[in-house]
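So the protein sequences, as listed, match chains A and B.
One point on numbering: in our numbering, the residue at position 54 of the first sequence is 248, and numbering is uninterrupted.
One point on numbering: in our numbering, the residue at position 591 of the second sequence is 709, and numbering is uninterrupted.
Where a beta carbon is used, it is the ideal one built from N, C-alpha and C, also for glycine.
No experiment lies behind these values; they were computed from the predicted model shown.
Single-structure report; data block below.
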Amino acid sequence: MRLLHTSDWHLGRSLHGYSLLEAQREFVDFLLEVVATEEVDVVLLAGDIYDRAIPATEAVALLNEVLTQLSAAGTPLVAITGNHDSPARVGFGSELMRAAGIHMYSSIETLAAPTMLSDLHGPVAIYGLPFLEPAMVWRSLEAQRCDHQSVLEAAMSQIRAHLCGLQPGTRSVVLSHAFVVGVGDQDGSGAEVSESERDISVGGSAMVSAALFEGVDYVALGHLHGAQQPRNGRVVYSGSPLAYSFSEEHHTKSVTIVDLEQDGTVAIRQVPTPVHRPVIRLSGELEEFLNEPSLLAHRSDLCSIHLTDSETPIEPMARLRQSYDHVLELSLESRLGHQHDLSYAKRLAGLSDLELSEQFIADMWGRPALPTETKLLQAGLESLRSGQESSVTGNERSINIDEGQHS
Amino acid sequence: MRIHRCTVAAFGSFGGQETVDFDDLSADGLFLLHGPTGAGKTTILDAISFALFGKVPGDREEGTNLRSHHAQRDVVTSVTLEVTLGVRRFRIFRSPKQSVLKKRGEGLREETSKVELYEIGPDGEVPRAEGTRDVDEFLAELLPMKADQFYQLVMLPQGDFAKFLRARSGDRQVLLQMLFATQRFEALENWLKEQADALGSKVETQERKIRDELRLMADRAEAEEYEGPLQKAGVESWVGPLLEEVRQLGSEASQALQFAESEHRQWRSAAELGAKVADQQAQMAQAEADVAVLEAGREEQAQNIQRLKRAGLAAQLSESLRLFDAITTQREAALQTKEQTKATAELLAPGIGDLPESALAEQVAELDQVLRSLQSAQEAEHQLEVLLQRIDSNQATVATADTTISKARSALEAIPEQRRTATERHQACLSAELEVSKFGPQVERLQAQLDAIAEFERLVELVSAALISAEQQRAVAVSSREAHVELREKQLDGRASWLAQQLVENEPCSVCGSTVHPEPASLSPEAVSDEAVASSERRVAEAQLALTKAESHLASCEASRDAAKAMAGTNSVEVVTAELVAARAAVDAALLAAEPRKECEDALLEIEAREQRAAAALESAQAKLAAARETLAVDLRDRDRIVGELEAQRDQYATISDRVRVLTEQRKAVVELLAAHKRAASLEDQLRSQSALLDSALLERGFVDIAQARTEQPVPGEVEQLNLQVNAFVAQEQRISAVLADPTLIKAAKSPAPDLAMLTQLEVAATERLQAAGIVTNKAQELGAYLEARSAGVEQGIEAIGPLLAEYETTRRLANLCAGRDGSAAQKNRLSTYVLASRLEQVALVASERLLRMSNGRYSLLYTDEAKDGRNRGGLGLKVFDAHTGKERDTTTLSGGESFFASLALALGVADVVTAESGGLAIETLFIDEGFGTLDEDTLNEVMVVLEDLKAGGRRVGIVSHVAELRSRIPKQLEVVALERGSTLRVSAGQQ
């Protein structure tokens, strides 16, 4: 059976104010094309269908179109809601849509009601595990704790229980929308995270281990926007079809084609999606941007520009906009330079009282504080700290001239 | 500062009591307060503000307005807040002035405002402060923010969130000063100033000391004072010449001294010489005079020498003479002794005296022999004595034993009779005791009877008294009842007359209805009040009560009386008394008889003992008798034997001892006589030889006989005296000749006599001059030494003052700089203000990071020192830098939405910097009341990303908003539900 795995469409999203709807429309067309040419048996959409809980009407219209087209083409769609979606809204009419081949999973009620398909080799059960907010479902799922790991474990145990009851040899596919990391990757450092994913941490943790999907033939994941495989060939993120942040400028966006064999093995390949407008980060001096052909080549791309001029340029945005169509982000080295040098903590920690006073002297008199001055300040600060008067340091010899002696 | 829990009661829109658990709500960092408009979302924030500061932000002031209109009248408006400040956890309870229902009775009462603060520790709650002023003071220390500042940074209120962003420099200063506690820098400024002042005065003191010293020097040297600066060079140049002058004077003076010395020496030697010559001349004259005297005494000298010689010779013989005399004396004595001893010996042994010496020795030997033989006899005699003694004692013992035996026997015979007598007496005592026990109870019974009779008589009297009083009470009761009846009648009469007064002609009577009133009752003058009736009633009751009491008392007395009568019996007092007396007498007699019982018992025991003793004595005496008799027999036999033995030895003496004694005496006398003979003989020999010696010595020395020699013996001391005289004469002679022969003296005698007086005069004058010169020299030297020493001291002083001056300079400059008064500084900025500025700069830096993110890299915050209040001191300005234009903008030029997230970034930045400052207050909780509606979707997303990041840092942000997107984005939500009876709260977790 041939599956097409895609996720994180975020219909209706803008990138720093630039609407991506056009690009998303292009992708939708592409998708329908691929489904036709590759003879895809079922489309898996693993969550974050919309970008917002209450999406804009154009986004809704676009989804409407996709679903209608897919249904018309006879290709079933199995989808789950993600953390950006509003389950109740997206799940509207899901029972009615089933008849049209659109299977929307948006709640825990339908965990044990997979979409049953079959091919020459036998049945395939496709389970939909939508994004679950732990605080809302952990009790009804009888999870051990109120966090993602426990909740998903509880959900998976339900799915496994149902799977056991099926005919032996049934292949299984699970769609899930979560932050899954490889087995043994404790802190998620092996995962590739983009700037565009929303933080879903609960109780300080967002991650779950790939191990909890043990026993499933293929796990179609959504949430991370970069295509990656926490467990090679089995647990796979398809990634978003478009770049949604400048951190994804180098990603090759794609959809994932999965061939599910008779014995449950999978063959995976990626099909790159069209790039409506490339997303790129550029840096250089303002003059370069205005004159360099290599930079000017990007004039119609979606640009995040970092000007490295040492002196603050005048009206950089206006000037850049003359040559570049889409300057979505602009930052100036001259203002930020020292900010990048210092770590946040260092910036915060600031200077000690003594250092501040010395800085004061340096600023006022244009030369660093002399050792005598530093000593004086130290003495003052200490005495104030201990609440007592300290005597003046230095050479103090009392002079007693009357007896012609000195001490 | 972290908010844990807040409970409101009858506050704002909440009619009842609601509790918000912020710990639970903000577990994920962000939480949302939502609900319909007017439901009371802001009220929750107001409650927190009220608990901390006693007022709410905005125009709504404290007071009765806070009380919920939905509240029940008996519920008190209050807020309880649990909050952690620093590391300490507190619970604050505050209620405003309000009117509540009284607890007892009807109506409202004013409840004054109350506030209590407790600290929550491991052992529970401890009250820390009470009352507005104490609590506010307490909180001010821990939370260095006033309400206004709170609303600018921690609780951004609706519509007013940009206050800090847009504030003027001076206002910012107030807020930041409190937050960053820069008072210590102000304290440092003051401290520096004080140090500078102290050093200044020290320097002054030292300088003055040095100047005084210089003045003293000038006075002493009689020179002009030194006016120049206190530097080594200047002082040296002043002191130098002075010293020179003094030294000059000194050398001159010493020269003069030397000259005077040599002069003086000259004149002195001249005078000495003159004196010497005069002396020598005198000596010579004297010697010549002495010669004459000497000649006169020459003859005497010769005599003395002669005499001396003779005396010496005589003295040599003195010893021999003495010896001769001594021996002569001894010989005489020995001859006398001889005669005496002879006489004594004659007495003891007649004829002994005539015996020659040789025969005496033999006599002695004989006597010795006899004595030896008598020794053993003497011993036997001793033994005999002892024996005789023992015999005597044994005989005595026998006699004693006999006596004892007979005594004991007689005692034993007497015993039985004695025993019988004693037993009889004992029996008598026992029977007497029985008598006592018989008569005792009788006495008691009779006594009781007597008592009862007395009692009865007493009670009879009591009964009669009680009767009387009962009668009296009865009378009182009756009279009071009658009085009461009268009073009632009067009252009724009165009523009637009162009714009568109400009657109006042709109007119906209230009693019978008739309209005609022919004879209305007249008004009685006295109206009787209900009270009077009541009191009369009371009196009746009281009287009744008293009567009852008296009657019962009477009854009880009568009862007692009857009982006593029964006890007393029928006999009269006299009879009973007589019986009692008789019985008592009988008892006493018996007691007396029974007394000696113990003695009788003792006596019996005594008799037993005596019997035993007598028996024992008898036995022992018999034994003793037997033993003594035996020994006696033996001893008597021995005695007889010894006496016989000694007969012979006794000779004619009474005892052997006597004989021995006499013989011993004889021996002694003989021995003495012998010795005396011998001694006298030897002395004769000695005398003879000595006189021979003496004769030859006399001859040798030229004395005729002993008598002459004796006469010419010198008297004590004579020899020494003569020696002295002779020697003196010789010496004198020698001396005179020496003098006369001395050439120096001869020469001097020939020279003329010097004029001593004149020479002495000259010498004295020279001495005076010398002294004067010496004084002058000393003075000059002293002055020089003084000046030198002083100038050394002054130089040291100046050296020491150097560093002090330097230090003072440094300190003064620094103090001025820190106080903003240094002209050479780049800015006239105080240290504390500078610190504030640097803090603000830090804040801007930190805030900019978030601001850049929220504005897609466009905006950042800048600190500027532009003073908006016109003075040139550094200000605390904030500006916005627009990356798009590359220019700075005033904060007021931002749009509504931009101002919102800029204020948010600023608030977070301040919180970060304050928290990171060591010892600073950790601001962990932040509230944002609305404002999200001003943001477009993308910006809202950016802001939410920034806020969601906060939970990583432990920050908790509470958002009040109605924006729908937030409802689906923030899991933890608190919904304010508006009901008719006021609002309530509902915690939900999740979307819509």
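Let me check understanding here. Comparing Cα to Cα, which of the options lies closest to residue i?
i	options	result
Glu623/B	Gly242/B, Arg543/B, Pro638/B and Asp706/B	Pro638/B
Ser380/B	Ala407/B, Asp266/B, Pro636/B and Leu888/B	Leu888/B
Ala827/B	Ser814/B, Asp776/B and Glu331/B	Ser814/B
Gly130/B	Leu143/B, Gly153/B and Ala165/B	Ala165/B
Lys327/B	Leu391/B, Gly911/B, Leu801/B and Ile162/B	Gly911/B
Val321/B	Gly1071/B, Ile121/B and Glu925/B	Glu925/B
Gly612/B	Ser628/B, Ser640/B and Ala735/B	Ser640/B
Glu576/A	Asp547/A, Ala405/A, Glu552/A and Gln553/A	Asp547/A
Ala189/B	Met685/B, Val218/B, Ser167/B and Ala846/B	Val218/B
Ala1040/B	Gln481/B, Glu307/B, Val1031/B and Glu1048/B	Val1031/B
How big is the Cα-Cα spacing for residue i and residue j?
i	j	result
Ser674/B	Ser587/B	14 Å
Glu893/B	Gln899/B	Going by the sequence as given, residue 893/B is Ile instead of Glu. If I take the Cα positions, the gap works out to 10 Å.
Tyr538/A	Gly1027/B	Only weak support exists for where Tyr538/A lies, its pLDDT of 48 falling under 50; the value from the coordinates is given anyway. So the two alpha carbons sit approximately 11 Å from each other.
Ser584/A	Gly384/A	Because the pLDDT of Ser584/A is 42, which lies under 50, any placement of that residue in the model is unreliable, and the question is left without a value.
Lys215/B	Leu979/B	44 Å
Ser372/B	Glu342/B	26 Å
Lys897/B	Val364/B	10 Å
Glu765/B	Arg757/B	13 Å
Ile243/A	Val254/A	10 Å
Ala695/B	Phe574/B	Note that residue 695/B is Thr in the sequence shown, not Ala. For Thr695/B and Phe574/B, the distance between alpha carbons rounds to 16 Å.
Glu1093/B	Leu489/A	52 Å
Arg1104/B	Pro435/A	40 Å
Ala451/B	Glu457/B	10 Å
In the DSSP assignment, find the beta strand (DSSP E) that holds residue i and state where it starts and stops.
i	result
Asp510/B	Where Asp510/B is concerned, there is no enclosing beta strand (DSSP E), although the alpha helix (DSSP H) it sits in stretches over Glu475 to Gln620.
Phe268/B	Element bounds for Phe268/B: not the beta strand (DSSP E) but the alpha helix (DSSP H), Ala265 to Leu271.
Lys868/B	Unbroken run through Lys868/B is the alpha helix (DSSP H), Pro861 to Lys868; no beta strand (DSSP E).
Val452/A	Ser448 to Leu454
Pro245/B	Gly242 to Glu248
Leu271/A	Leu271 to Ile274
Phe211/B	Arg206 to Ser213
Assuming residue i is part of the alpha helix (DSSP H), what are its boundary residues?
i	result
Ser287/B	Ser287 to Phe298
His1115/B	Residue coverage of chain B in this structure runs from 119 to 1110, which leaves residue 1115/B outside it and unanswerable.
Arg957/B	Leu949 to Met972
Which residues of chain B have a Cβ atom closer than 8 Å to the Cβ of residue i, listed in chain order?
i	result
His210/A	Asn974 and Asp1056
Mind listing the chain A neighbours of residue i? Cutoff is C-beta to C-beta under 9 Å, in chain order.
i	result
Asn947/B	Phe554, Asp557 and Met558
Arg302/B	Asp547, Leu575, Leu578 and Arg579
Pro1089/B	Glu327, Pro328, Ala329, Met330 and Val396
Please list, in chain order, all residues of the same chain as residue i whose beta carbon is under 6 Å from its beta carbon, the five residues on each side excluded.
i	result
His635/B	Leu621
Starting from residue i, find everything on chain B with Cβ-Cβ shorter than 7 Å and list it in chain order.
i	result
Asp495/A	Those within 7 Å of Asp495/A in chain B number zero; the least Cβ separation is about 17 Å.
Thr566/A	Thr928
Just to confirm my understanding: we take residue i, look at its own chain, exclude 5 residues before and 5 after, and list those with CB closer than 7 Å. What are they?
i	result
Pro281/A	Thr275, Ser300, Ser301 and Pro324
Val953/B	Thr300 and Phe303
Pro507/A	Leu480 and Leu501
Leu214/A	Arg207, Ser208 and Leu436
Which residues in chain A sit within 8 Å of residue i, going by Cβ to Cβ distance?
i	result
Ala1001/B	Pro510, Met511, Leu524, Ser525, Leu526 and Arg529
Glu900/B	By Cβ distance, chain A contributes nothing, its closest Cβ being about 14 Å from Glu900/B, past 8 Å.
So, for residue i: in the same chain, excluding its five sequence neighbours on each side, which residues have a beta-carbon less than 8 Å away from its beta-carbon?
i	result
Leu905/B	Met335, Arg338, Ala339, Val357, Leu360, Leu361 and Val364
Ser312/A	Val318
Which residues in chain A sit within 7 Å of residue i, going by Cβ to Cβ distance?
i	result
Glu1066/B	Asp393
Ser319/B	Simply none; closest approach about 12 Å.
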